[in-house]
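Below is one structure, written out as structure tokens, with a few remarks after it.
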Amino acid sequence: MSNATGIIFANSGYDSLQGLAQERPIAAVPFGGRYRILDFALSSMVNSGLRTIGLVTPRYNRPLLDHLGAGKDWFLDRKAGGLFILPGVMHGLAGNQHTFCIKDLHYNTEYLQKDFEENVVISRGDQIFNVNFQNALESHNNNQADVTLIYKVGDNSGEPIYERLFEMDKNQKVYSIKEQTGLETIESGYPRFVNMFIIRRDLLLNIVEKYGSAGCMDLIDILAANLEVLNIYGSPTDSLIGLISTVNDYFHRSMDLLDLAVREKLWLGKDQIHTKIVDNPPTRYTAQAKVSNSLIASGCTIDGEVLNSIVFRGVIVERGCQINNSIILPNCHIYENAQTELTILDKFVKVNAGNILKGSLNNPLVVIKSTVI
55 MSNATGIIFA NSGYDSLQGL AQERPIAAVP FGGRYRILDF ALSSMVNSGL
105 RTIGLVTPRY NRPLLDHLGA GKDWFLDRKA GGLFILPGVM HGLAGNQHTF
155 CIKDLHYNTE YLQKDFEENV VISRGDQIFN VNFQNALESH NNNQADVTLI
205 YKVGDNSGEP IYERLFEMDK NQKVYSIKEQ TGLETIESGY PRFVNMFIIR
255 RDLLLNIVEK YGSAGCMDLI DILAANLEVL NIYGSPTDSL IGLISTVNDY
305 FHRSMDLLDL AVREKLWLGK DQIHTKIVDN PPTRYTAQAK VSNSLIASGC
355 TIDGEVLNSI VFRGVIVERG CQINNSIILP NCHIYENAQT ELTILDKFVK
405 VNAGNILKGS LNNPLVVIKS TVI
């Protein structure tokens with residue numbers, strides 16, 4: 055068991071997802087054939103021994119509540135502790151630039167006060183990862199740290215980043231935190247903050263009391279402004295980290311799952327990713343079906359060709375269809391001889407016979423929920 059409680063900020067939404075997050079937060083967007091993006095943060099905390107987890111949700115939280123229920127599939131339907139749904143501020147007024155908005159915590163001070171665990175593990179809910187926090191918690195306690203920031207060393211890939219970077223001394227004590235503009239690249243060996251951290255509960259309550267009425271400040275900005283008086287340390291992770299903030303992020307992180315090495319790191323290790331259990335029959339493949347390098351969930355009927363694609367539960371692909379490099383969300387119906395390439399179909403989309411949908415690698419075509427084409 056852990057000496058920590060958890061908080062997941064699952065209330066981020068971005069227009070850059072082109073309708074995928076129109077009526078749901080990014081945390082509730084389906085991912086990987088049978089999961090929601092939130093499942094990765096929630097499972098990581100559960101696998102780390104946390105048994106009390108609060109979920110900061112937006113006003114349009116119905117998809118999250120429908121997916122989570124009482125938390126049974128994550129072992130959180132408990133008499134003591136369990137899953138708590140926490141209301142967040144209206145970010146339409148506060149803006150989307152505050153990942154860990156202090157106002158969200160101020161609205162939910164009672165949640166922090168009623169649990170007596172020493173530490174709080176905080177994460178955002180719009181990332182793909184599988185992290186066990188036990189090593190970081192052990193390091194946090196050994197260092198007698200006020201805050202421990204989880205980081206990953208930059209791989210010099212040249213890709214733009216949107217997280218914060220920080221600098222540490224030889225004992226991994228943080229002495230500088232700086233925010234990126236989105237135009238800079240990760241220097242080789244440079245630690246980047248991956249939007250997960252541990253903080254002492256009494257310190258967090260003091261910060262909330264002091265700054266909670268000052269507007270929607272970001273908690274990390276508050277920590278950065280108090281580096282001289284706080285003991286802030288870093289703790290590394292080697293997990294794959296995939297932040298989902300654009301359609302390209304969603305498409306490419308999904309397609310990464312077709313690589314066995316990626317699936318092994320995310321799904322096939324000791325710590326499993328839990329999700330809502332759905333009792334579907336196995337997928338039915340007809341004699342005409344052709345499937346190559348794809349992930350296909352249960353409850354589907356495949357009578358066409360599926361190549362390099364991810365197909366969610368309950369999808370029907372009729373004879374003569376060609377699904378290529380596409381993501382088909384649950385309960386879509388693709389009629390005879392229709393084609394999709396570099397396309398994302400949201401739930402309940404119907405593509406009538408003979409239609410051809412095609413996007414590009416840098417701009418996948420998104421068809422919003424319940425559309426008939």
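Here the sequence shown stands for residues 55 to 427, numbered as in the numbering used here.
Cβ coordinates follow ideal geometry from the N, Cα and C atoms, glycine included.
Going by DSSP, proline 79 is part of no beta strand (DSSP E) at all; its letter is neither H nor E. Counting only runs of 4 or more residues that sit fully inside the region 300-382, the alpha helix (DSSP H) segments are 301-309, 314-320, in chain order. Counting only the Cα atoms, serine 97 lies some 37 Å from isoleucine 427. Taking lysine 401 as reference, the option from Leu71, Leu322, Val83, Ser70 with the minimal CA-CA separation is Val83.
The DSSP-derived three-state label of methionine 250 is strand. The Cβ atoms of valine 248 and threonine 59 lie no closer than 9 Å to each other.
According to DSSP, residue pairing for isoleucine 276 in a beta bridge does not occur. Residue pairing for valine 228: DSSP places it in a beta bridge opposite Met222. Scanning its chain for C-beta atoms nearer than 7 Å, with the 5 sequence neighbours on each side dropped, one finds around asparagine 391 the residues Gly374, Cys375, Ala407, Gly408, in chain order.
Close CB contacts of proline 335 within its chain, under the 8 Å cut and outside five residues either way in sequence, are with Ser352, Gly353 (chain order). DSSP places threonine 425 outside both helix and strand once states are collapsed to three, so it counts as coil. Apart from sequence neighbours up to five positions away, the residues of its chain that approach leucine 273 with a beta-carbon distance below 6 Å are Phe154, Ile156, ordered along the chain. Nearest to serine 424 by C-alpha distance, out of Ala341, Asp292, Phe251, Glu77, is Glu77.
Under DSSP, glutamine 167 takes part in no beta bridge, so it has no partner. Valine 201 is not a Cβ neighbour of leucine 166, given a cutoff of 9 Å.
Contact annotation: glutamine 188 and serine 70 have beta-carbon atoms that are not nearer than 9 Å. Annotated as proximal: valine 110 and alanine 64, with beta-carbon spacing under 9 Å. In the structure shown, the three-state DSSP call for proline 245 is strand. For valine 207, the enclosing beta strand (DSSP E) starts and ends at 201-207. Residues Val228, Tyr229, Pro245, Tyr287, Gly288 of the same chain have their beta carbon placed closer than 8 Å to that of methionine 222, with the five preceding and five following residues left out of the count. Between the region 313-332 and the region 87-95 there are three or more C-beta pairs closer than 8 Å, enough to call the two in contact.
The three-state secondary structure of asparagine 417, taken from DSSP, is strand.
Excluding residues up to 5 positions away in sequence, Val301, Phe305, Leu396, Thr397, Ile398 lie with their Cβ nearer than 7 Å to the Cβ of proline 418 in the same chain. Counting along the chain, alanine 58 sits inside the beta strand (DSSP E) bounded by residues 58-63. For glutamine 188, there is no enclosing beta strand (DSSP E); the enclosing alpha helix (DSSP H) covers residues 188-196.
CA-CA distance, threonine 355 to arginine 255, rounds to 50 Å. Going by C-alpha positions, asparagine 378 is about 15 Å away from histidine 387. With fewer than 16 other beta carbons inside 10 angstroms of its own, serine 414 counts as exposed. Closest option to glutamate 233, judged by alpha-carbon separation, among Asn260, Leu277, Gln198, Ser267: Leu277. The C-beta separation of threonine 106 from glycine 136 comes to about 7 Å, placing the pair in contact by the 8 Å criterion. Between leucine 159 and valine 262 a beta carbon distance of about 5 Å is seen, short of the 8 Å cut, so the two are scored as contacting. Between the C-alpha atoms of alanine 315 and leucine 322 there is a straight-line separation of about 10 Å. For isoleucine 156, the secondary structure class from DSSP, reduced to helix, strand or coil, is helix. Phenylalanine 85 and serine 363 have their C-alpha atoms roughly 12 Å apart. With contacts defined by Cβ atoms closer than 9 Å, proline 384 and glycine 358 do not form a contacting pair.
DSSP places serine 98 in the helix class (H, G or I) of the three-state scheme.
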